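Under the working numbering, read the sequence shown as residues 129 to 327, first letter to last. Note that the Cβ used here is the ideal one computed from N, Cα and C, for glycine as well. Here the structure is a predicted model, which is why all the values come from computation and not from measurement. A short write-up of the structure that comes next.
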Amino acid sequence: MVLRFYHALTAEGLPAICIDARHAKAALDMAANKTDANDADGLAHLAEVGFYREVRVKGFDSMLMRTLISARRQLMKMRVQMSNQIRGLLKTFGLVVPKGAGSVFERNVISLLEDEDNLARIILPLLKAWGDIRLRVAELTKQLVVMAGADQRCRLLTSVPGVGTVTATAFAAAVEDSINFKNSRAVGAWVGLTPKRYL
């Protein structure tokens, strides 16, 4: 919600700030009566006296990139959970699915179910759902590759050995703009990197 409101207000030329919710909550918790009206009055008072901590609102493109990464990650988790569920259900009936991923996994499951009509009616819909999720992951991966190819920062990051599309887009979406940091060391600290001697 904040992203949409903030960018809509700034697009109209209105001054807009986003304040740190934890900081504001700490100040508002001192009020005796907690009501919506008192909270609104308290927020107005915080803004009036300047007793707030401003936070940077990410750009729409960065949030879109982060959303794509998050959706892809969620579908990948679902795909793994679904394949593990299929393996577990088949194992209950003494059918062990050999190692393999992707189409190999699908072929292995189908071959195990050839003589198991009753079990196949239960497992095959799960296998179809797994296959659909697999296709959606591939679609989102293609979108991510296109998005990374269109972004100068991502192209630069993927030129580093060992940095792929997902890492580059995640880093570019998180950092967004280098002017938000005093120096390059501040970026490392913000991301959570520490010198090896502290590990």
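Counting contacts by CB-CB distance shorter than 8 Å, is ALA276 in contact with chain C? Here there is only one protein chain, and chain C is not present.
Under the three-state reduction of DSSP, which class applies to ILE214: helix, strand or coil? ILE214: helix per DSSP, three-state reduction.
Quick check on MET129: buried or exposed, where buried means 16 or more other Cβ atoms within 10 Å of its Cβ? Counting the other CB atoms within 10 Å of its CB gives MET129 a total below 16, which places it among the exposed residues.
Straight-line CA distance for GLU328 to VAL208? For the chain, the structure presents residues 129 to 327; residue 328 sits outside this window and is missing.
Using 8 Å as the threshold, is the segment 279-292 in touch with the segment 164-172, meaning 3 or more CB pairs across them? The segment 279-292 makes no contact with the segment 164-172: fewer than 3 CB pairs, one atom from each, lie closer than 8 Å.
Determine, using beta carbons only, whether ILE251 and ILE214 come nearer to each other than 8 Å. Against a cut-off of 8 Å, the Cβ pair of ILE214 and ILE251 comes out as a contact.
When you compare each of MET193, ILE147, PHE188 to TYR101 by their alpha carbons, which one comes out closest? Because the chain spans 129 through 327 in this model, residue 101 falls outside it and cannot be assessed.
Along the alpha helix (DSSP H) that carries ASP260, what are the first and last residues, could you check? It spans 245-278 - the alpha helix (DSSP H) in which ASP260 sits, taken as one unbroken run.
For the candidate residues LEU156, ALA160, LYS162, whose alpha-carbon lies nearest to that of LEU174? Per the Cα distances, LEU156.
Let me check understanding here. Comparing Cα to Cα, which of ALA314, GLU304, GLU234 lies closest to ARG262? The option with the nearest alpha carbon to ARG262 is GLU234.
When you compare the CB positions of ARG272 and THR293, do they come within less than 8 Å of one another, or not? Looking at the sequence itself, residue 272 is Leu, so the reference to Arg does not match. Yes. Within cutoff.
Measuring straight from C-alpha to C-alpha, what distance separates VAL185 and LEU131? So the alpha carbons of these two residues sit roughly 7 Å apart.
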